[in-house]
């Protein structure tokens, strides 16, 4: 490619007059950019093939010699090559360059840094990189969890801290099923005692998959082992019951709590709010103020959002919806549900051009509507069904029953 470019530029090189001087300068710049582009493509190709990792690093050195800095994707490939070759020193050098160039907040670079430090066996540095990441995706969590699980399984004696760490790790990463499975394994093995941290993590997993019966069993269990409803434990129960739609249970736990901080009040307000119980949410807010608890920004936002959402939907107030949406986009631009909500408002008022504009914005930002699914709990076991799902072993019986019901 570079040879073809040089042949094309040869007339300008031989006849560089004043008339062609500006074209000559542009051509030199074009050739330089083309050369850098070729190096980048070769580098990425070599880095993707483990056997050519050394060539990738040689290309990287050549690129730097030409005065070009690696972008976020190239840095990720180079780090991968360092990991494959076990070149810890060069990996650390590239880490420094990444921070200088401003790629230290990029998710692809950070995922590569976590992976490469784990390959070097430097778990502490990998954890520091992970903790500093402003955004984490599934790859980020899977990389850390794989190592955490390996270390956990290698432990000869698993104490409460080790069980809490692995259960919380899966819960925070979104794998609620594995989190609950590990909790059951902890109870069966009976090598450690559950504490407040264990229960909070397990209740968090229950709320993610609306495992109400499992959550109720955990509530009974914490009462049995003598755990009191302190602020953060009571709040976890309020959240769990609220997400599962058991608002009476949420309210019961809330009233049982002897000490309620602003987080507990906020959880109760949010529980009513997510189920459209705006009057009850505002009533709790007023009760909170009467008890001398100063609301934080989260509580005020929750109450205000519920008021605004009700007004928008009842009155199809597009202007108010747009103002609210723009404020949410500024604070959380990666929240797909906000775009979907605005799109639905436009659709309800038959503004199809505006609907397409919102959808185009979502595509441009790489946002997708989450795949729809249902969660059904039967005998304390939760089953997940996606749209059009036929993976369950009793799929035929399920669809036959649905046909019977539809008739």
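Residue numbers (this note's numbering): 803 to 1209.
Using N, Cα and C, we set each Cβ at its ideal position, and we do this for glycine too.
These numbers come from a predicted model, not from an experiment.
Taking the alpha-carbon positions, what's the residue i to residue j distance?
i	j	result
residue 907	residue 900	9 angstroms
residue 983	residue 856	43 angstroms
residue 997	residue 1055	19 angstroms
residue 877	residue 896	8 angstroms
residue 1013	residue 920	34 angstroms
residue 941	residue 931	14 angstroms
residue 875	residue 910	7 angstroms
residue 1051	residue 1087	19 angstroms
residue 1198	residue 1191	11 angstroms
residue 903	residue 973	34 angstroms
residue 1018	residue 1038	12 angstroms
residue 1167	residue 1136	8 angstroms
residue 1146	residue 1195	36 angstroms
residue 1010	residue 880	37 angstroms
residue 1144	residue 1169	14 angstroms
residue 825	residue 861	Bear in mind that a pLDDT of 45 at residue 825, under 50, signals an unreliable position, so the model cannot answer this.
residue 815	residue 868	Its pLDDT being 42, under 50, residue 815 is placed unreliably in this model, and the value from its coordinates should be taken loosely. Looking at the two C-alpha atoms, the distance is approximately 21 angstroms.
residue 1081	residue 1074	9 angstroms
residue 979	residue 943	15 angstroms
residue 1045	residue 924	39 angstroms
residue 929	residue 1131	30 angstroms
residue 967	residue 950	9 angstroms
residue 1032	residue 1059	7 angstroms
residue 1024	residue 1140	37 angstroms
residue 806	residue 1158	Bear in mind that a pLDDT of 42 at residue 806, under 50, signals an unreliable position, so the number given afterwards is only what the model happens to contain. Their backbone Cα atoms lie some 43 angstroms apart in a straight line.
residue 1005	residue 865	51 angstroms
residue 872	residue 905	10 angstroms
residue 948	residue 1090	43 angstroms
residue 1027	residue 995	9 angstroms
residue 1066	residue 1097	11 angstroms
residue 971	residue 1121	42 angstroms
residue 958	residue 898	38 angstroms
residue 829	residue 922	Confidence at residue 829 is low in this model, with a pLDDT of 44, below 50, so the placement of that residue is unreliable and no value is reported for it.
Using the Cβ count rule (16 or more neighbours within 10 Å means buried), how would you classify residue i?
i	result
residue 832	Low confidence applies to residue 832: its pLDDT is 44, below 50, so where it sits in the model is not reliable, and the reading given next is rough at best. Exposed: under 16 other Cβ atoms inside 10 Å.
residue 1204	exposed
residue 952	exposed
residue 1093	exposed
residue 1234	Nothing can be reported for residue 1234: it is not among the residues displayed for the chain, which extend from 803 to 1209.
residue 989	exposed
residue 1162	exposed
residue 1043	buried
residue 1008	buried
residue 1149	exposed
residue 965	buried
residue 1071	buried
residue 1154	exposed
residue 1062	buried
residue 1083	buried
residue 1207	exposed
residue 1002	buried
residue 1201	exposed
residue 1068	buried
residue 1193	exposed
residue 882	buried
residue 1040	buried
residue 1035	buried
residue 1000	buried
residue 937	exposed
residue 956	exposed
residue 1016	buried
In the DSSP assignment, find the alpha helix (DSSP H) that holds residue i and state where it starts and stops.
i	result
residue 1095	Where residue 1095 is concerned, there is no enclosing alpha helix (DSSP H), given that its DSSP letter is neither H nor E.
residue 926	925 to 934
residue 1171	Run containing residue 1171: none; DSSP gives neither H nor E here.
residue 1156	1154 to 1166
residue 858	855 to 867
residue 919	909 to 921
residue 1074	1064 to 1076
residue 882	874 to 887
residue 941	940 to 956
residue 1021	1014 to 1026
residue 1004	998 to 1010
residue 968	962 to 975
residue 1138	1138 to 1150
residue 891	890 to 903
residue 1043	1033 to 1045
residue 1054	1049 to 1058
residue 978	978 to 991
Are there any heavy atoms of the ligand FMN lying less than 6 angstroms away from the beta-carbon of residue i, as far as the coordinates show?
i	result
residue 881	What this structure holds is no ligand at all, so the ligand FMN is not there to describe.
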